[in-house]
Amino acid sequence: MPEITTCTHDTGTMELVNIPASIEDSCYRYKRPLVAMIRRSTNGGVTIVSNFFEIAKALARDPLEIGNFIKKRLGCRGKITETSLELAGLYSVEMIEEHLERFIRADVLCPRCGNPETLKIQKKKRIEYSCKACGHRY
Numbered sequence: 374m375p376e377i378t379t380c381t382h383d384t385g386t387m388e389l390v391n392i393p394a395s396i397e398d399s400c401y402r403y404k405r406p407l408v409a410m411i412r413r414s415t416n417g418g419v420t421i422v423s424n425f426f427e428i429a430k431a432l433a434r435d436p437l438e439i440g441n442f443i444k445k446r447l448g449c450r451g452k453i454t455e456t457s458l459e460l461a462g463l464y465s466v467e468m469i470e471e472h473l474e475r476f477i478r479a480d481v482l483c484p485r486c487g488n489p490e491t492l493k494i495q496k497k498k499r500i501e502y503s504c505k506a507c508g509h510r511y
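Here the sequence shown stands for residues 374 to 511, numbered as in my numbering.
Here is the structure:
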């Protein structure tokens with residue numbers, strides 16, 4: 374289980390986890406919200422990630438990109454609404470967290486220094502990444 378930190382704001386209490394979750398330092402500076410879900414079991418079930426946009430903001434990635442990755446890994450349909458990610462089927466928090474961590478390892482962490490301070494830059498027909506921590510471009 375990853376190291377979980379509780380953070381209180383004006384909007385309520387939020388549980389935070391390190392980026393990536395494999396780092397077990399409670400004082401680690403790179404954190405993201407832990408997946409918060411609601412499940413509805415009508416017509417096969419729907420899993421709703423209610424804090425999806427907060428997670429995308431913490432990872433500095435397009436919500437559509439993260440949502441497509443998770444849907445592809447789970448092999449399900451889904452949609453991004455104004456406030457959340459809705460997935461067709463019933464999934465556990467652990468399953469969503471596992472695929473989110475895979476996305477982080479594949480697309481967010483710098484291959485040189487391992488920090489999640491990367492920027493994704495669209496250059497004409499190709500995508501380039503730049504790390505704000507070490508300056509590595511790939």
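Virtual Cβ for every residue (Gly too), placed ideally from N, Cα, C. Predicted model only: the values in this text are computed from it and were never measured.
Residue i and residue j closer than 8 Å at C-beta
i, j, result
"H509", "R478", "no"
"V390", "I469", "no"
"L473", "I443", "yes"
"V514", "M410", "The shown model of the chain, from 374 to 511, leaves out residue 514, and the question about it has no answer."
"A429", "L492", "no"
"L447", "Y464", "yes"
Collapsed DSSP secondary structure at residue i in the structure displayed
i, result
"R499", "strand"
"L460", "strand"
"R450", "coil"
Identified DSSP bridge partners for residue i
i, result
"C486", "None; C486 has no bridge partner."
"K505", "Partner(s): none; K505 has no beta bridge."
"R510", "S503"
> Three or more C-beta pairs closer than 8 Å, one from the region 408-427 and one from the region 456-463: is that the case here?
Replying inline: Yes, the region 408-427 touches the region 456-463.
> For the region 387-447, which segments carrying the beta strand (DSSP E) assignment without a break, of at least 3 residues, lie completely within its bounds, in sequence order?
Replying inline: You should have 404-406, 410-413, 419-422.
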